[in-house]
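All remarks here apply to the structure that follows.
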């Protein structure tokens, strides 16, 4: 199978910060690659390089068979991009925004207008297409921005945290649009911090941290890396969490996770109900009051925390991102 996106050994520095440290990525044609990682891991920097907005300091990358460094214009003709911030001109209507993008892609006036009408209907914005975008809700702006990325029917699409800030209904709607695009043959690189989003949409997932890939596989393969089951214990008294960890550690097959605010301990285990009964006996012998206890399959949240060891709390290094109007030859 041909790869729509190839990145090999990408390196990028911002002054003293190494945003990418030998990053490798591959997106086979017609598939979705989910890129997970905390803020600051390098996700957005990778997208900027692959979409020709930033030049790498090292490594090699191709999109649609074209080198991002030596043929950026060719790459731009074959991609669509929707970033974390909706690139919408607030002083134009929704229809005018999409027509403008079409003209920048040299589609011609008639074709640009036709695509604008098609996309407004597809994204349930046809009733709002004649309104100034300044009056759009956040969810409407996100949908209009993604519609703009699709004006030229690009074979490769980059979505950088596309559902950030959307309500649950908006996220579900966006997921349906994305699934339909991929079903039609679009190749997609999706960065996200929503683990359920990657679980639902991605054929393959890479987890990156500090600019490097630290894990790769399908959602099920990644979940299996952190143990087949999770023993979760919630205690009445948070002061007893340390003792609970000592008691349960011999039962675990991986590093336990303690969440003090939730008064909980999460331990990767194998053995099913027998392990659960053993845990209860150990806790009862120490007269530790338990508010809740149970076994569950690992989620991608467990994978994320186990692999990165920290939550998404730091901002990614690099220049500040501000939405701008697209210019001639620019990408969406």
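In the working numbering, the protein residues as written are 4 to 335. All C-beta atoms, glycine included, are put in the ideal place defined by N, C-alpha and C. It should be emphasised that the depicted structure is a prediction, and the values quoted were computed from it without experimental measurement.
- Would you please state the rounded distance, in angstroms, between the beta carbons of residue 49 and residue 28? I believe it to be under 8 Å. Indeed they touch by this definition, with Cβ atoms about 7 Å apart.
- Query: Taking DSSP as the reference, what is the three-state secondary structure of residue 51?
  - Reply: Reduced to three states, the DSSP call for residue 51 is helix.
- Query: What separation, rounded to the nearest whole angstrom, lies between the Cα atoms of residue 253 and residue 175?
  - Reply: Cα-Cα distance, rounded: 41 Å.
- Query: Considering only residues of the same chain and omitting the five flanking positions on each side of residue 223, which have a CB-CB separation below 6 Å?
  - Reply: Contacts found: none.
- In angstroms, rounded to a whole number, what distance separates the CA positions of residue 308 and residue 89? A straight-line Cα-Cα distance of about 29 Å links residue 308 and residue 89.
- Quick one: Cα of residue 217 to Cα of residue 207, how far? Taking C-alpha positions only, residue 217 is separated from residue 207 by approximately 14 Å.
- Using the C-alpha atoms, what's the distance from residue 26 back to residue 353? It is not possible to answer for residue 353, since the shown part of the chain is limited to 4 through 335.
- Query: Beta carbon of residue 293, beta carbon of residue 225: below 7 Å?
  - Reply: Contact: no.
- Query: Are the CB atoms of residue 146 and residue 161 nearer to each other than 7 Å?
  - Reply: Their beta carbons are not under 7 Å apart, which means residue 146 does not touch residue 161 by this criterion.
- Query: Do residue 214 and residue 23 have their CB atoms nearer than 7 Å?
  - Reply: Yes. Within cutoff.
- Query: Can you list the beta strand (DSSP E) stretches of 3 or more residues lying completely in the region 225-290, in chain order?
  - Reply: Those beta strand (DSSP E) runs which fall completely within the region 225-290 and span 3+ residues are 232-238, 260-262 and 267-272.
- Query: Among residues of its own chain, excluding the 5 on either side of residue 11, which ones have a beta-carbon nearer than 8 Å to its beta-carbon?
  - Reply: Closer than 8 Å at Cβ, skipping near neighbours: 27, 62, 63 and 64.
- In or out: residue 144 buried (at least 16 other Cβ within 10 Å) or exposed? Result: buried.
- Sufficient close CB pairs (3 or more, under 8 Å) joining the region 128-137 to the region 169-188: Taking 8 Å as the limit for Cβ pairs, the verdict is that the region 169-188 does not touch the region 128-137.
- Item | Own chain partners of residue 5 with C-beta closer than 6 Å, once the 5 adjacent residues on each side are dropped | Contacts found: 32.
- Item | Cutoff 8 Å; reference residue 163; Cβ partners in own chain excluding five residues on either side | Answer for residue 163: 46, 47, 50, 84, 85, 86, 87 and 194, listed in chain order.
- Message: Can you give me the C-alpha to C-alpha distance between residue 262 and residue 268, rounded to a whole angstrom?
- Response: Between residue 262 and residue 268, the C-alpha separation is close to 6 Å.
- As assigned by DSSP and simplified to three states, the class of residue 131: Three-state result, residue 131: helix.
- Could you tell me which of 271, 197, 156 and 301 sits nearest to residue 256, measuring between CA atoms? Cα-wise, what sits closest to residue 256 is 271.
- Own chain partners of residue 93 with C-beta closer than 8 Å, once the 5 adjacent residues on each side are dropped: Same-chain partners within the cutoff: 135, 136 and 137.
- Message: Quick check: the Cα distance between residue 196 and residue 155, rounded to an integer number of angstroms?
- Response: Their Cα atoms are separated by approximately 28 Å.
- Given that a residue counts as buried once 16 or more other Cβ atoms are within 10 Å of its Cβ, and exposed if not, what is residue 273? Residue 273 should be labelled exposed.
- Query: Taking the Cβ atom as the reference point for each residue, do residue 310 and residue 210 lie within a distance shorter than 7 Å?
  - Reply: Yes.
- Roughly how many angstroms lie between the CA atoms of residue 284 and residue 219, to the nearest whole one? Rounded to whole angstroms, residue 284 to residue 219 spans 37 Å at the Cα level.
- Query: Can the beta-carbon of residue 251 be found less than 7 Å from the beta-carbon of residue 282?
  - Reply: Residue 282 sits close to residue 251, with the two beta carbons spaced by under 7 Å.
- Query: Exposed or buried, which one is residue 78 when buried takes at least 16 other CB atoms within 10 Å?
  - Reply: Counting Cβ neighbours within 10 Å, residue 78 comes out buried, since at least 16 surround it.
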